Amino acid sequence: MTFHLSRRSAAGLIAGAALSPLVAAPARAARVLDLRAGGGFQPVSVAVTNFSGDEAARIVTSVIVNNFKRSVFLRPIEPGAVPEPAGAEAAPNLDLFRSINAQYVVTGRSQRGPDGRLKTEFRLFDVSTGEQATGQQYVTDSANMRRVAHLVSDAVFTRITGEKGFFDTRVVFVDESGPKEHRRKRLAIMDQDGANVRYLTRGEELVVTPRFSPSSQDVTYMSFGSADPKVLLLNIESGQREVVGNFPGMTFSPRFSPDGQKIVMSLSQGAATNLYAMDIRSRTTTRLTDTNAIDTSPSYSPSGGEIVFESDRGGSQQIYVMGASGGGARRISFGQGHYSTPVWSPKGDYIAFTKQSSGSFGIGVMKPDGSGERILTEGFHNEGPTWAPNGLFLMFFRDPGGGGGAKIYMVDIFGRSEFPVPTPSYASDPSWGPLQD
C-alpha cells in the first residue's frame, strides 16, 4: 500500500506500507474503547518503547509520548518505565509488559538513510491477545520527523479507540505581542501541540477571527486597515491570498461551509446585524436573516443543511438553529445566562458554545436540539471554542485580565482533562484545521 501526504515543502512526500505481523495468531475482533462519559472510564495504558535508530528516533519517541499524554483516552507508560527496548525487529516479551499493567505496546525504529531521507516504522501489540494490532512504515524528508510521529500517534489512537486521530492537524490563531494597550496581532499557524509556529501576516493590519476550512488547507479571516474591513481567503500551502469582499460594518464571524465553497457571515446595517452566505467562486451574496436584532456567529452543520447562530432577538444572547437557506429559526438554549459563539461539531452530535453567567465564562456543549447541556470548563473570559476534526476535543482561549493576555487551552468533550497549548506569546481565536492530506 502506498499513499502520499502533502507537507510544507516539495520535499515532503511520504510513502507508507503496512508492516506484516511479527507474531502469527488467529484473527480476532478489534477491541474498541468506550469513550462515552461515565464514572467508570479509565484510559488505556500504552507502553511506548524507545524507538531504535539515530537522534531522530529520540525525537519521534518523545513526540509520541507527549501526544498520548494529551490524548485523555490513552495513558502512556514512558520509556523509562518500560522493561526492555524492544526495537522494531523483534516481537517484545509481552509477559514483561503485563507486569507493569500495559494493555498495548508500541515499538519502532526511526533512522536517516544514506540519501538523508528518514525511514520510520512502528508496530502496536495488544498485550491481552499477544497479537500485532497494526503496523506501518513511512519514508520522508528528515525535516518531517515530527509529522511522522503525529502519524504514528494517529494510527495508534485510531486502532485502540476506534475513532479518528487528531494529532496530524494544525491550528491557525491570532498571535498577540506587545503591551496590552498596543497589541500587535498577527495571523499564525502551529501544529496542534504548539510546535512549528509560522507567521502568516506581518502585523501591519489588525487581523481577527481566522477560520480553517473543514475540507482544505484554506483559511478565511478578517483584516482591518485604513480602509473598510476585508474578508480574506488564504491558502496555507501556497501563501496565495485574495480579498473575498470589503464589507463596511461587518462583524467578526466569517466561516466556511462543510464543502468549503461558501462563507457564512454577519453584516451590520444600522442597529441590526443579519446573516449572509457568499459563494466563494461567484461572489454571489444571499441574505439569510432579516430582523432588527443582532444575528451573528453562524456555523454550518456537517451536512450543510442547517446553521446555528447566536441572536438577541428574544431579548438576550441565545442560540438558534435554522435551515441553511434561511427562514424560521428555533431557539435551543434555555439555561441561565447568555450564550454565544456556537460551533457545530464535525460529527454532528454536539454544538459547542460560550456561556456567560454570574460573572463566569464557561465553554460547554449541547445536543443540536438543546438537550444534554454540560459545561466543560469555567473561568474568567473563556471564549471561542473550535473543534478537533474528530469531534472529541475543543480548543478555546482564556484571558485572565490584568496586564497579561489570552492563552489557548484544550479540553475533551467530557471535561475530563484540560491542557494549555504552548504558544510563543499571548494567543487568541484558535481555529482547528482538518487532518492533513
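Residues -29 to -1, 1 to 408 in mature numbering (1 follows the signal peptide of the UniProt record, and there is no 0) are what the sequence shown spells out, letter by letter. Glycine included, each C-beta is placed from N, C-alpha and C at the ideal position. Fair warning: this is a prediction, and the values are worked out from it, not measured in the lab.
| query | result |
| --- | --- |
| Is it buried or exposed for Ile71, if we count other Cβ within 10 angstroms and need 16 for buried? | exposed |
| Taking the Cβ atom as the reference point for each residue, do Phe183 and Asp164 lie within a distance shorter than 9 Å? | no |
| Within a Cβ cutoff of 7 Å, which residues of the same chain sit near Arg169, ignoring the five residues on either side of it in sequence? | Ala159, Ile160 |
| May I ask you to list the residues that DSSP assigns as paired with Lys233? | Asp250 |
| Alpha carbon to alpha carbon, how far is Ala52 from Gln82? | 23 Å |
| Report the residue from Tyr192, Thr357, Val314, Asp162 whose alpha carbon sits nearest the alpha carbon of Pro339. | Val314 |
| By a C-beta neighbour count over all protein chains shown, 10 Å radius and 16 as the cutoff for buried, is Lys151 buried or exposed? | exposed |
| Taking three-plus beta-carbon pairs below 8 Å as touching, is the segment 231 to 247 in contact with the segment 259 to 266? | yes |
| Taking C-alpha atoms, which residue in Gly297, Met249, Arg155 lies nearest to Arg226? | Met249 |
| DSSP puts Met193 in a beta bridge; with which residues? | Val179, Val202 |
| Check for me: the alpha helix (DSSP H) holding Ser209 runs from which residue to which? | Ser209 -> no alpha helix (DSSP H), and no H or E assigned at all. |
| Helix, strand or coil for Phe128? Go by DSSP, reduced to three states. | helix |
| List the DSSP bridge partners of Asp97. | Tyr75, Glu102 |
| Taking the Cβ atom as the reference point for each residue, do Pro401 and Ile379 lie within a distance shorter than 9 Å? | yes |
| Going by beta-carbon coordinates alone, are Pro47 and Val19 separated by less than 9 Å? | yes |
| Once the 5 residues before and after Ala166 are set aside, which same chain residues still bring their CB inside 7 Å of it? | Arg117 |
| Pick helix, strand or coil for Glu281, following the three-state DSSP scheme. | strand |
| Quick check on the burial criterion: 16 or more other C-beta atoms within 10 angstroms. Buried or exposed for Pro85? | exposed |
| Secondary structure at Asp66, three-state DSSP: helix, strand or coil? | helix |
| Any idea if Pro(-4) is buried or exposed, counting beta-carbon neighbours within 10 angstroms, 16 or more meaning buried? | Any reading at Pro(-4) needs caution, since the residue's pLDDT is 37, under 50, leaving its predicted position unreliable; the model's value is listed next. Looking at its Cβ environment, which holds fewer than 16 other Cβ atoms inside 10 Å, Pro(-4) is exposed. |
| Quick one: Cα of Phe367 to Cα of Asp66, how far? | 42 Å |
| Helix, strand or coil: how does DSSP classify Lys40 here? | helix |
| Here's the rule I'm using: 16 or more other beta-carbon atoms within 10 Å means buried, otherwise exposed. How should Thr255 be labelled? | exposed |
| Among Ala28, Ile278, Lys40, whose alpha-carbon lies nearest the alpha-carbon of Glu389? | Lys40 |
| DSSP three-state label for Glu49, please. | coil |
| Am I right that Glu349 and Phe332 are in contact with their C-beta atoms under 8 Å? What's the rounded C-beta distance? | 7 Å |
| Can the beta-carbon of Pro395 be found closer than 9 Å to that of Asn361? | no |
| Would you kindly work out how many angstroms separate the C-alpha atoms of Arg157 and Gly106, rounded to a whole number? | 40 Å |
| For Asn217, count the other beta carbons within 10 Å of its own beta carbon; 16 or more makes it buried, fewer makes it exposed. Which is it? | exposed |
| Is Pro391 buried or exposed, if buried means 16 or more other CB atoms sit within 10 Å of its CB? | exposed |
| Nearest to Gly196 by CA position, among Glu176, Ala126, Ile207, Val214, is which residue? | Glu176 |
| My output table needs one value for Glu152: the three-state DSSP class, helix, strand or coil. | helix |
| In three-state DSSP terms, what is Leu122? | helix |
| Quick check: the Cα distance between Ser239 and Glu281, rounded to an integer number of angstroms? | 14 Å |
| Please classify Pro356 as buried or exposed, where buried requires at least 16 other C-beta atoms within 10 Å of its C-beta. | buried |
| If I measure Cβ to Cβ from Ser186 and keep anything under 8 Å in the same chain, skipping five residues before and after, which residues do I get? | Phe227, Pro229, Asp230, Gly231, Pro405 |
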